[in-house]
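Enquirer: One structure is given below, represented as C-alpha cells, and several questions about it will come after.
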Amino acid sequence: MRFAFRADPRRGMTAKPAMLRAGAVLVLLAAWQLIAMVRIWPPVFVPEPAAVWRQLVRTSTEGYSGYTLAEHLLVSLRRILLGCLYGVTGGIALGLLIGIVPTVRTLLGPLVTFVRTLPPLAYLSLLVIWFGIEEEPKIWLLLLASLPPVAVATAEAVRGVHEDYLNAARSLGASRWEVPFRVVLPSALPEIITGIRVAVGVAYTTVVAAETVNGVPGIGGMVRDAQRYNQTDVVILGIVVIGLSGLLIDFLLQTLDRRLVPWRGRG
Amino acid sequence: MRFAFRADPRRGMTAKPAMLRAGAVLVLLAAWQLIAMVRIWPPVFVPEPAAVWRQLVRTSTEGYSGYTLAEHLLVSLRRILLGCLYGVTGGIALGLLIGIVPTVRTLLGPLVTFVRTLPPLAYLSLLVIWFGIEEEPKIWLLLLASLPPVAVATAEAVRGVHEDYLNAARSLGASRWEVPFRVVLPSALPEIITGIRVAVGVAYTTVVAAETVNGVPGIGGMVRDAQRYNQTDVVILGIVVIGLSGLLIDFLLQTLDRRLVPWRGRG
Amino acid sequence: GSGGEEAAAPGTPAKLRIGYQLIPNGDLIVKDQRWLEQALPGTEIVWSKFDSGGDVNTAMISGAIDIGLAGSSPVTRGLSAPLNIPYQIPWIFDVIGDNEALVVRKEITEAKALAGKTIATPFSSTSHYSLLAVLAEAGLAESDVKIVDLEPPDIQAAWQRGDIDGAYVWTPILAELEKDGAVLVTSRELAGRGKLTADLAVVRTEFARQYPEALKVWLRQQDRAVKLARTDNAAAAAAIGRQLNLSPAEAGRQLGQLVLLDAAEQRGPDYLGTPEAPGKFAENLHSAAEFLKSQQKVDAVPELSVFQKGLATRELADAFAGS
Amino acid sequence: MPSPGAEAVEVRGVTRSFRGKRALGPVDLVVEPGAFVTLVGPSGCGKSTLLGLIAGFARPSDGSLRAFGEPVGGPDPSRGVVFQEPRLFPWLSVAANVAFGLRSLPKAARRERVAELLELTGLAEAGRLRPYELSGGMRQRAAIARALAPRPRLLLMDEPFAALDAFTRERMQDEVRALWQRTGTTVLFVTHSVDEAVYLGTRVVALSGSPGVIVLDERSKLPALEHPRADPGFAELRERLTEVVRAAAQVRNGPVTS
Amino acid sequence: MPSPGAEAVEVRGVTRSFRGKRALGPVDLVVEPGAFVTLVGPSGCGKSTLLGLIAGFARPSDGSLRAFGEPVGGPDPSRGVVFQEPRLFPWLSVAANVAFGLRSLPKAARRERVAELLELTGLAEAGRLRPYELSGGMRQRAAIARALAPRPRLLLMDEPFAALDAFTRERMQDEVRALWQRTGTTVLFVTHSVDEAVYLGTRVVALSGSPGVIVLDERSKLPALEHPRADPGFAELRERLTEVVRAAAQVRNGPVTS
Ligand SMILES: Nc1ncnc2c1ncn2[C@@H]1O[C@H](COP(=O)(O)OP(=O)(O)OP(=O)(O)O)[C@@H](O)[C@H]1O
Ligand SMILES: Nc1ncnc2c1ncn2[C@@H]1O[C@H](COP(=O)(O)OP(=O)(O)OP(=O)(O)O)[C@@H](O)[C@H]1O
Ligand SMILES: [Mg+2]
Ligand SMILES: [Mg+2]
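Protein chains in written order, with the numbering used here: chain A, 1 to 267; chain B, 1 to 267; chain C, 1 to 323; chain D, 1 to 258; chain E, 1 to 258.
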C-alpha cells in the first residue's frame, strides 16, 4: 500500500487515476446490474440501470412534469448557485466578524449556532409567508443551508491565524480595517474553502426540501414528484444527475483550492 | 469597536459577555412579543411568547402525542448523538484514508462527494427498505448527514499537515501505520473539530426529516405533528428546544476545542 | 415472518405492526381506547406513525408493517405496476367529505372562472386528484390553470400573502382559508358525482392469509369505533382529540366532516361489496389509475379485476358473518 | 502625534509573567532617538519578550512603555519588527511580502523600493518565489527587507542575521549600519554574537537571569568609526561583554559538563 | 539490513531541481562511518536541500543516494534530523516531543532518557511546557534533544546552534562532540560559522555556487585533540575556509556595496 501525504499540486490527474476511476464506475454499474437482476429488492427500489437509462432518454426528450431534464437541472443549479453565493458571502462576513470582534462573537456566535440547528422543514412556511412561493424562499433556504458551514469554518480559521502574522501586518501599517482582508482572509483561505465545499454539499442536500414549495421545474421537485409516485427510476436518475453536477462543482472548488493555496502543508 | 484576534483560552466567559447575552435574549423576546402583538403576521405564524410558554408547561406536564417534551427530546438527542458518533467516527476514518492513501483518494473521494450531495428526502425510502421503520433508518440518515462534513474537513486537514512534521515523525521511527495517529490526527485536530461542529449542526437540521417515518416520540416528529394541525406554538416550542440543545452541544464542542488545541494560532 | 410464537392464540400473530396516520377517523379511536390490545391479549400491537401514504407503501414493501392507512391515490399506485404491492383493502376508514375542499377567493364563484388563476395543492395527494377532477368537470385543461405544489402550511402562508387564488386542501388549513375565502366544491360533493376519495386500510396479503383471526378482530374493532362515533360522538371526539392534541370540540368538528362507514355499509355495492359481487369501489380505483396514467405516474392501467381482487371482501364477510 | 523631542523608547519597571511565573524584569531602559542599541543575553532570558512588549504585541504584566513619547498600545508602523522566525506571509510572493508595508506609495515608487530592498538583501532573483521556496537564510533576509521597506522610525530586530553565513552576515551588518547612519533610524537589535553586538551598537545592553534583568548597559563609539574591528576599543569591549554573557549563562545553565 | 562495512553516506552525481531550475549539484560525497563532517556554504547554495535528500525527505532529480549501503528510499530512524527551523510537534509538551522517538523503550527507561536529554540541553525545567511557550533558542535545543533521543547512527543537523547565544552554543558544541566521540555516531553538520566548522569537523566540506557544488573537502584532526582552538592548525584551517566561503559568497552576491 502506498502512502502519500501530499499530492504534487502541479500534477494533474494522470492516466492511472483516470483509468482507476473508470474501472470503479464500471464495477459499480456491474454490481448494480447484478443486484437488480437477482432481485434482492423489488425493482421499485432497485431498478435496472437500463430502466434509468430509458428514463434519461425519456425525460430528456419528452420531459417530465412538463419540463425536460435539462430544464429541471438548470433551474435547480441556478437556485443552488445563487443560494450558495449569498450564503458563502454572508458566511465569510459573519465568520470574520465572529472571529474578530468579541462583542459580535458573544452576541452572534450563539445565534448562528442556534439558527444552524433548526430543521428547514420546520421553518419553511415562515419563508413562504415572508418571501412568497416563487424563487425567493428557495434561494433563502439554500442560503440558510450554506451559510453556517462557511461561517463556522471562517470563525474557527480566524482563531487559527498565527498571531505573528497579525502582529507583523499591524507593524507594517495595516489598519484594523485592512487586517481582516489582507491577513486574516488569505491566511484562513484553506479552511474557508473547505467550509465552502461542505456548504455546497449541504445546499445540494437541501434542494429537495427547498423545492417542496412550488418546486417544478427543478430537479428536486422532479425527484420528489417521482418519489411520491414511487417512480424509482426517475428518482435514481434525478439523484445521479444531482450527484454528478455536485461532483463537477466540487472538482472546480478543489482545483481553485490547489491554485489559491499552493502553500498548504508547507506554510 | 474593539478587535481581538485571539481570546485567551484560559479565560472563561466573564460577567460582561454573560450580561450581554442575557440582554440580547431579552431584546429578542421583546421584539418577538411586539411583532406578535401588532399582528404583522397572524398568530398561526407568529404566536405570542406567552402561548409558547404555555405549551412548554403543557407538553412538559400533560405531554404531547402521549409523551412529555423531555421524552421527545431525549429520544431525538439519543438519535442525534448516536448518528453523529457513527458519522464522526466514519468521517474521520474516511477522511484520513482519502487524505493519506492516493488510491483511496482517487476512488472514494468522488464517491464521498457524490453521496454528500444527495438529498436525504430522496433516499429516505431506500433506508426504510433496508433498515425498517425503527431506530436504524433514522440513525443511518443522521449518520449520512454528519459524516460528509467531517470527512471533507479531515481530508483537507490531512493535506494541510506540515510536511516537516511527517518527515520528522518518520525520521524518529514512527511507522507508516503510526504516522496517521501520532501526527496527522493531532495536527489536523483543529479542522476536524470544526468539521464535527458543522456536522452536528447538519445532523440537527436533518432530525425532522429523519423522524417523518415513525418519528414519535421524537422532537422532530412532534414538530411535524404540530405542523400538520397548525399548532404553531408547539412548532416554535420544538424549534426553540432543538436550538437550545444544539447550542449546548456546540458549547461543549467549543470547550473541547479550546482544551485540546491550545496551540491554535501559535503553532 | 412473525408467526407461531408461544403466547399467541391460533390464527393470531405474536406481533401486529400497524402504520397509522393522524386522520380523525375510527383508527385513532381504536388506538386511543386500546381495543386491539384488549381483544388480542397474546399479541403485541406496535403502532407506527406515518406522514404520507407513500411512506406507508414503502413500509409495506419492506415488510415493516402488517396493516396500514393510506389514501386512495397511493393505494391505487400500490396496486398498479410497477409497484404491485401484495396488499389488499379490507376496510375503508373514511370517505373524504367536507374535510377536503377547494377554497378560492370570494370573487371566484364557479369552476370555469379558475382559468388563468393560481391554485395550490399538495401534489400526489387525494386533494390533487380531486382538484384535477374539478377542472375536468369544468372543461378546463390542466394548462389553463396554474397549479402549484405546496404543503398545507405553505398553502396557508401563500394564501395569507395573496400569492394564490385558491387551494384544494384539507383541515385544519382548510378552516383557516375558509375564514376569508369561499368553498367552491368539497370532496363530499365530488364523491356524490363519482369522484370518490377515501382513506383506506391495507393489509399485507400474506398476513391476511396467515392470521385470519387477527384480521377479523381488527375489523371488528374498526366497526366498533364507527359505531361509537355514531352513538357517542362526545366520547369519540374526546378519544380523537387526545390523539391529535386537539380540543374535543375541534376533534368532533373534524370527525363530523368525514363519512364513516360501518361494516354493513362497507359491504354494500357502492363500496367494498361481497366476495360474490365486488363493490363499485374497485371501479373508482380503476378510474383513479387511468387518471394517474394520464399523468404519466404509472406505467399502465391494470385490469379492473386487479382492483376487485384487491378488495379483501372475503375477510370482511368472514369477520361479520354473524351480523 | 509623537512628540518630536521625546525618547525613542522608554521602558519603566516593566515585567512580564507567563502563567504567573515571571519571565522578564523589572526592566528600565531608555533609548534616545538615533541610537543603535544591541541587546545580548543567554537563551531564554527574555530578549524576545522585551522586544515584543516594545513592539506592542503584548502588554506588560507591570510597568509602562512609551515609544516616541506615546504610550505603547499595540503594534504601530512607526515600529518595524524583524521576528526571530521569519514569519513571511505564505500567501504572498517574496516581492509582495516586501511590498506589504508600502501600501501608501504609488505603484511605480513601490516597485522601485521593493527592487532596491531585494537587491540590498541579495534576493533580486527571488522576488517571484513563494516563501516556502526559499532557503532559511533567504527567508530571513526577505523578512529584513519587509521590515525595512516602510522606513520605520524604530527598528526592532530579533537575531536577524542568525541564519546567515558569515560573509552574507557581514554584508548585511554593513548594510544595516549604513542605513542607520544615513537615515537616523533608531535600532534595537537582539543578537547572540558578542562581535556583532560590539561592532554594531552605539550602546550594548546585556540581559540576563531568570527573570531577565539588565546586567550591563554600556555606550560605545565604535559604530561611528570607519573600521571599528581594527580599533583597540573593539577587542576590549568585546572581551568585557563576553565575560558578562559567559557569567550570566553559567549562572543559568550551571557549569560546563563534559 | 544495513551492510556493516558500508559507507555511512554515499552521494553519487546527485542533483535537485525546483520548477526545472537546478538548485543543487551534481554532488558526490562519501562519508565514512564515524566521521564528523561539517558543511559550510553561502545562504541558498543548497545545504538544506542536500541534507533533505540524504534524510530521504525528497528524491534527487538525478543521481543516487545510499546510507549504510542501503539506497535511501524515505525517512528512516537510522538517520536523525535536526531541522533548520525547530518544527517541534505543537500538540505535545517538550518532554513528549523528546520522547517521540523512544516508543520502543520501556516507560521508565524512556522517562530517564528524556530527563537526561533535557538536562543536556538545559531544558530540565521546561519539560512540561508546550513548544509555543519556549524561546527561540529553547525550541532549537528541544529539537536537538528530540533528534538525539533514539541514538540514530547518522545525525543530520541543519544549523542546529544558529539561535543559541555564544556560551550556550559552546556548551552544546562540546556536548555534541563528546557524544560523537563516545558513541561513534556519524554526523553531518551544516553551519554558518567557520569557527564551528573547523572546531567540530573531522572533515570540512564547503558547498558553493548556484547550483551548489562542492568546492572544498578537507580532512582535519582537530576535533580529536584536547583543546583544538589552541592548536595552530585551527587558525590555519579557519583562515583557508573563510577565504573559500568569502570567495563563494562574493561570486553569488556580487561585491560588497555600501
Ligand atoms: N507564551 C509563553 N508562555 C509561557 N512562557 C513563555 C512564553 N513566551 C516566552 N516564555 C518564556 O519566557 C522566557 C523568555 O523567553 P524569550 O523568548 O523572551 O527568550 P529570549 O531571550 O528571546 O531567548 P532566545 O535567545 O532563546 O530567543 C522563556 O523562559 C520562555 O519559556
Ligand atoms: N521547495 C522549493 N521550491 C523551489 N525552490 C526551492 C525549494 N526549496 C529550496 N529551493 C531553492 O533551492 C536553493 C537552495 O536552498 P537550500 O534551502 O538548500 O539552501 P541552504 O544552503 O540551506 O541555504 P541557507 O543557508 O540559507 O539555509 C535556494 O535557491 C532555494 O530558493
Ligand atoms: Mg528570542
Ligand atoms: Mg538551509
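Glycine is no exception: its CB is placed at the ideal position from the N, C-alpha and C atoms.
Helix, strand or coil: which one does DSSP assign to D:F68?
Expert: Note: D:F68 maps to coil in three-state DSSP.
Enquirer: How long is the line joining the alpha carbons of C:Q110 and C:V145, rounded to whole angstroms?
Expert: The question names Gln, yet the displayed sequence has Glu at residue 110 of chain C. The straight-line gap from Cα to Cα measures roughly 14 Å.
Enquirer: For B:D225, which residues from the same chain have a beta carbon less than 6 Å from its beta carbon, with the 5 sequence-adjacent residues on both sides left out?
Expert: S65
Enquirer: Can you check whether the C-beta of A:L56 is within less than 8 Å of a C-beta belonging to chain D?
Expert: no
Enquirer: Taking the alpha helix (DSSP H) that D:F167 belongs to, which residues open and close that run?
Expert: Its alpha helix (DSSP H) spans residues 166 to 183.
Enquirer: Can you determine whether any heavy atom of ligand 6 sits closer than 7 Å to the C-beta of D:A126, and answer yes or no?
Expert: Because ligand 6 does not appear in the structure shown, any question about it cannot be addressed here, the ligands present being ligand 1, ligand 2, ligand 3 and ligand 4.
Enquirer: If you compare alpha carbons, which of B:L253, B:V179, B:V183, B:L111 is closest to A:L28?
Expert: B:L111
Enquirer: For B:S125, return the contacting residues in chain C, with the cut-off set at a CB-CB distance below 8 Å.
Expert: Going along chain C in sequence order, the residues near B:S125 (Cβ under 8 Å) are G54, D55, T58.
Enquirer: Which whole-angstrom value is the C-beta distance of D:F68 and D:R153, which I expect to be below 8 Å?
Expert: So it is a contact: roughly 7 Å between Cβ atoms.
Enquirer: I'd like to know if the region 56 to 67 of chain C and the region 204 to 212 of chain A are in contact, where contact means that at least 3 CB-CB pairs between them fall below 8 Å.
Expert: no
Enquirer: Closest by CA to D:P232, which one among D:T49, D:S210, D:Y199, D:L216?
Expert: For D:P232, the nearest C-alpha among the options comes from D:Y199.
Enquirer: Determine, using beta-carbon pairs with one atom in the region 59 to 75 of chain D and one in the region 126 to 146 of chain A, whether at least three such pairs fall under 8 Å.
Expert: They do not touch, by the three-pair rule.
Enquirer: Check each residue of the region 6 to 39 of chain C: if its Cβ is closer than 8 Å to any Cβ of chain A, include it; give the result in chain order.
Expert: none
Enquirer: Does DSSP classify C:F50 as helix, strand or coil?
Expert: coil
Enquirer: Counting C-beta neighbours from all protein chains within 10 Å, is the total for A:I219 16 or more, i.e. buried, or is it exposed?
Expert: Under the 10 Å beta carbon count, A:I219 is surrounded by 16 or more other beta carbons and is classified as buried.
Enquirer: Could you name the residues that DSSP lists as bridge partners for D:L284?
Expert: Past the boundaries of the shown model lies residue 284 of chain D; chain D is included only from 1 to 258, so the question cannot be answered.
Enquirer: Report yes or no: is there a C-beta of chain C within less than 8 Å of the C-beta of B:V213?
Expert: B:V213 counts as touching chain C.
Enquirer: Let me make sure I understand the geometry here. Which of B:V200, B:A36, B:A155 has the alpha-carbon closest to that of B:A102?
Expert: In the sequence on display, residue 102 of chain B carries Pro and not Ala. If we check each option's Cα against that of B:P102, B:A155 comes out closest.
Enquirer: Can you grab the Cα-Cα spacing for the pair C:L311 / C:T118, in whole Å?
Expert: 37 Å
Enquirer: Give a yes or no on whether the minimum CB-CB distance between A:E163 and chain B is below 8 Å.
Expert: Chain B contact via Cβ: present.
Enquirer: Could you check whether E:V27 and E:V14 sit closer than 8 Å to each other, using their CB atoms as the reference points?
Expert: yes
Enquirer: Mind listing, in chain order, the residues whose beta carbon lies closer than 7 Å to a non-hydrogen atom of ligand 3?
Expert: D:K47, D:S48, D:Q84, D:D158, D:E159, D:V190, E:S135, E:G136, E:G137
Enquirer: For E:L88, decide whether its Cβ has a neighbour in chain D, counting only Cβ atoms nearer than 8 Å.
Expert: For E:L88, no Cβ of chain D is located within less than 8 Å of the residue's own Cβ.
Enquirer: For C:D199, report the span of its beta strand (DSSP E) as first-last.
Expert: 198 to 204
Enquirer: For the region 60 to 85 of chain E, which residues have a CB atom closer than 9 Å to at least one CB atom of chain D, in sequence order?
Expert: Q84, E85
Enquirer: Here's a check: name, in chain order, each residue in its chain whose Cβ is nearer than 7 Å to the Cβ of D:G309, leaving out the five neighbours to either side.
Expert: The first residue shown for chain D is 1 and the last is 258, placing residue 309 of chain D beyond what the model contains.
Enquirer: Less than 8 Å between the beta carbons of A:L118 and B:I92, yes or no?
Expert: no
Enquirer: Going along the chain, which unbroken runs of the alpha helix (DSSP H) with 4 or more residues stay wholly within the region 105 to 177 of chain E?
Expert: 107 to 120, 136 to 148
Enquirer: Could you tell me which residues DSSP puts in a beta bridge with C:E303?
Expert: In DSSP, C:E303 forms no bridge with anything.
Enquirer: Classify E:D165 as buried or exposed, calling it buried when 16 or more other Cβ atoms lie within 10 Å of its own Cβ.
Expert: buried
Enquirer: Please state whether DSSP places C:W91 in a helix, a strand or coil.
Expert: Three-state DSSP puts C:W91 in a strand.
Enquirer: Kindly indicate the opening and closing residues of the beta strand (DSSP E) around B:Y229.
Expert: Counting along the chain, B:Y229 falls outside any beta strand (DSSP E), and DSSP gives it neither H nor E.
Enquirer: Report yes if the C-beta of E:A218 is less than 7 Å from at least one heavy atom of ligand 1; otherwise report no.
Expert: Looking at the sequence itself, residue 218 of chain E is Glu, so the reference to Ala does not match. Answer for E:E218: no, Cβ out of range of ligand 1.
Enquirer: Is it right to say B:W177 is buried, meaning 16 or more other beta carbons lie within 10 angstroms of its own, or is it exposed?
Expert: exposed
Enquirer: Spatial neighbours of C:S80 within its chain, please: CB distance less than 6 Å, with the 5 preceding and 5 following residues excluded, ordered by chain position.
Expert: A289, V298, P302
Enquirer: So with CB distances below 9 Å, who are the chain E contacts of D:E133?
Expert: F18, R19
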